[in-house]
Amino acid sequence: IMNFILGIVPENAVAVLAGGDLLPILFFAVLFGVAAASLGEKAAPVISFFEKVSQIFFSIVNIVMKVSPIAAFGAMAYTIGNFGIGSLVSLGKLMGSVYITMFLFIVLILGAIAKFYHFNIFSFLKYIKDEILLVLGTSSSESA
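The opening position of the sequence shown corresponds to residue 12 in my numbering, with each subsequent residue numbered one higher.
Here it is as structure tokens:
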């Protein structure tokens, strides 16, 4: 446990950002945010800079999300071209099992929660339909 806790605290701020380990990055980000908040207006230019950098990164993610279907089509065309149409059978089985699992989750788990808290599951699904389509389209919940 001690090694885990010590692993969260980074030795070097630049190294932690380059390393890619999530917990030290989060620790550094929270520490940085608390320090910036304690400075008040003195930290406004730095916060403004990071907000602009954040907008740039979200723009990059937006571009990647718009181009990724083309890349997926290319990957599927390559796979079918090299291995034949039969290579889609196992992918179809995987997709089928994922959709069946999602359907069962919505009906059983979310249905039980909806019944317990007295709300209509179909109204809820209609309310979050854009998020569902985004998650299904990108295969990532982080985009939502």
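Heads up, the beta-carbon is just placed ideally off N, CA and C, and yes, glycines get one too.
Would a C-beta distance cut-off of 9 Å place residue i and residue j closer than the cut-off?
{"i": "V20", "j": "F43", "result": "no"}
{"i": "A47", "j": "V57", "result": "yes"}
{"i": "I132", "j": "G122", "result": "yes"}
{"i": "T90", "j": "S79", "result": "no"}
{"i": "I117", "j": "L136", "result": "yes"}
{"i": "D32", "j": "G51", "result": "no"}
Where does residue i fall in DSSP's three states?
{"i": "E142", "result": "helix"}
{"i": "V20", "result": "coil"}
{"i": "I184", "result": "The structure shown has nothing for residue 184, since the chain only spans 12 to 155."}
{"i": "I12", "result": "coil"}
At which residues does the alpha helix (DSSP H) containing residue i begin and terminate?
{"i": "N73", "result": "A55 to F94"}
{"i": "L37", "result": "L33 to L50"}
{"i": "V109", "result": "S98 to L115"}
{"i": "F130", "result": "Where F130 is concerned, there is no enclosing alpha helix (DSSP H), given that its DSSP letter is neither H nor E."}
With a threshold of 16 other CB atoms inside 10 Å of the CB of residue i, please say whether the residue is buried or exposed.
{"i": "V75", "result": "exposed"}
{"i": "V27", "result": "buried"}
Going by the C-beta, is residue i closer than 8 Å to any heavy atom of the ligand MG?
{"i": "F39", "result": "Inclusion of the ligand MG in the displayed structure is not the case, the ligand content being empty and no account of it being possible."}
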